[in-house]
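Under the numbering used here, the residues of the sequence shown are numbered 21 to 310, in order.
Just below is one structure, and these are the notes that go with it.
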Amino acid sequence: MDTANKETPAISFELFPPKTEKGMENLKQVVLKLRRLEPQYFSVTYGAGGSTQERTFSTVDWLREQGIDTAPHLSCIGTEKNEILEILKHYQAQGIRRIVALRGDLPSGSGLGGLGELNFANELVALIRQSFGDDFHIEVAAYPEFHPQAENASLDLDNFKRKVESGAHGAITQYFYNADAYWRFLDDCKQRDIEIPIVPGIMPITNYNSLARFSDACGAEIPRWIRKRLESYGDDLSSIQEFGAEVVTQLCQQLLDGGAPGLHFYTMNQSGSVLQICSALGLPDGTTAA
Ligand code: FAD
C-alpha cells in the first residue's frame, strides 16, 4: 500500500502482565521485536480490584529499565482512593508520565465487598487531575459501538464527555471492525464539543473462538461476513491469520487515510500479526529506515 508522503502515524502497543516466568520471557521477546517500530509507548493492563498489581508493576519496571515509554493502566473499581494515590505516587517517582485510567470490571464473585470509593472512570480522572495536576497524560476508554452496560448510546456519549470534562487528555477505543462506527462516534463527539484525540484500538485476528467469546463479552461486533469466513476456516489457523491480517490491515489503512490520530494495538503479547499488519501498512520498522 502506498503511504508515501504521509507522516508516520503514532502507534502504541498494549501488553498484559504475564502470569509465569515463561510468559515474561515471551513478553520480553515480543517487546524487543515491536520496539523496532518505534511506538510512542507500550501500555500494560491492570486487573480490576488490583488483581494483577504486582505483575503489572514488575512488567512496568522491566519496560522502564529498557528505557521504554510506558503507560500503566489503572482501574478504580473496588480500590480505595488512598491505594490509588499510592500507586500513582509510585509511578510518578518512576518517571511515568502517561496513565490509562479506567473503571475496570470486577469478576463476579470476586468477594471484594462494596465497589469502593470510585465507581466510574470520570471519578478516577478527576482524582488524578486534582492530586497530580498535569503530571500525567491521561488516556481513557471510548466505545464506538457503545459500552455493553450503557443505558443507551446517547447516555454513553454523555458519560464519555464526563471523562473528558474531568480532565482526560486522550482516548483509546475498544476494538471494532467497522470503521463507520468510529467515524460516527467522532461526529457525535464533535457535536458534543469533545476535542481530545481518539485513537482507534486495533485487535489483530489470530484465533476465531477466543475472539468471538471476548467480543460478545465486551460488546465489540464482528461483522457477519468476517465471522462467516473465519468460521469456515475451522482449525486452519494459518488461513485465519492470513485472512485476519488482510482484513485488519485494510481497516487500519482506512482509519489512517480518514485521519485517525494513530493506532493502538491490542497485542495479546504476540508480535507476529502486529508486525505483519504494520509491514503491510508500510510503517518503518527501524531496520528498513534510511
Ligand atoms: P466508565 O467510563 O466508567 O463507563 C462504564 C459504564 O458506566 C458505561 O456504560 C458508562 O456509560 C457508564 N457510566 C460512566 N460514567 C457514569 C456516571 N458518572 N454515571 C452513570 N453511568 C456512568 N479493564 C481492566 O480491568 N483493566 C485494564 O487494564 C483495561 N484496559 C482497557 C483498555 C482500553 C483501551 C479499553 C477500551 C478497555 C479496557 N478495560 C480494562 C476494560 C474496561 O475496564 C471496561 O470496559 C469497563 O467495563 C469500563 O471501563 P471504563 O473506564 O470505560 O468505564
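Beta carbons: idealized from backbone N, C-alpha and C, even for Gly.
Cβ-Cβ distance between residue i and residue j below 9 Å
{"i": "Pro-164", "j": "Ala-188", "result": "no"}
{"i": "Val-268", "j": "Ser-252", "result": "no"}
{"i": "Phe-285", "j": "Glu-34", "result": "yes"}
Beta-carbon proximity list for residue i, same chain, < 8 Å, skipping 5 on both sides
{"i": "Phe-152", "result": "Leu-108 and Gln-112"}
{"i": "Gln-73", "result": "Tyr-66, Gly-67 and Ile-107"}
{"i": "Asp-88", "result": "As written in the sequence, residue 88 is Ile, which differs from the Asp given in the question. The answer, listed in chain order, is Val-51, Arg-55, Tyr-61 and Phe-62."}
{"i": "Ser-230", "result": "none"}
{"i": "Ile-97", "result": "Ala-68, Gly-69, Arg-123, Gly-124, Asp-125, Leu-126, Leu-135, Gly-136, Leu-138 and Asn-139"}
{"i": "Arg-84", "result": "Thr-90, Gln-114, Gly-115 and Ile-116"}
{"i": "Ser-186", "result": "Asn-142, Glu-143, Val-145, Ala-146 and Arg-149"}
Between the CA atoms of residue j and residue i - distance to the nearest angstrom
{"i": "Leu-147", "j": "Phe-234", "result": "30 Å"}
{"i": "Val-145", "j": "Lys-39", "result": "28 Å"}
{"i": "Gly-131", "j": "Gly-69", "result": "Any reading at Gly-131 must be qualified, since the residue scores a pLDDT of 49, below 50, and its modelled position is unreliable; the value itself is stated next. Cα to Cα, Gly-131 sits roughly 10 Å from Gly-69."}
{"i": "Ala-300", "j": "Leu-283", "result": "14 Å"}
{"i": "Ala-170", "j": "Glu-103", "result": "28 Å"}
{"i": "Leu-275", "j": "Lys-248", "result": "24 Å"}
{"i": "Asp-208", "j": "Ala-240", "result": "18 Å"}
{"i": "Ser-32", "j": "Ile-297", "result": "14 Å"}
{"i": "Trp-203", "j": "Glu-100", "result": "37 Å"}
{"i": "Asn-172", "j": "Phe-166", "result": "8 Å"}
Residue i: CB within 8 Å of a non-hydrogen atom of ligand 1
{"i": "Gly-115", "result": "no"}
{"i": "Phe-180", "result": "yes"}
Cβ shell of residue i (< 6 Å), same chain only, five flanking positions each side left out
{"i": "Ala-91", "result": "Tyr-61, Ser-63, Arg-118 and Val-120"}
Integer Cβ distance of residue i from residue j, believed to fall under 8 Å
{"i": "Pro-37", "j": "Thr-76", "result": "5 Å"}
{"i": "Ile-222", "j": "Gly-264", "result": "With 8 Å as the limit, Ile-222 and Gly-264 do not qualify as a contact, their Cβ atoms being about 11 Å apart."}
Own chain, CB closer than 7 Å to residue i, minus 5 neighbours either side, in chain order
{"i": "Gly-133", "result": "Its pLDDT being 47, under 50, Gly-133 is placed unreliably by the model, and nothing is read from it."}
Residues near ligand 2, criterion Cβ-heavy atom distance below 5 Å: Among the ligands present in this structure, namely ligand 1, ligand 2 is not found.
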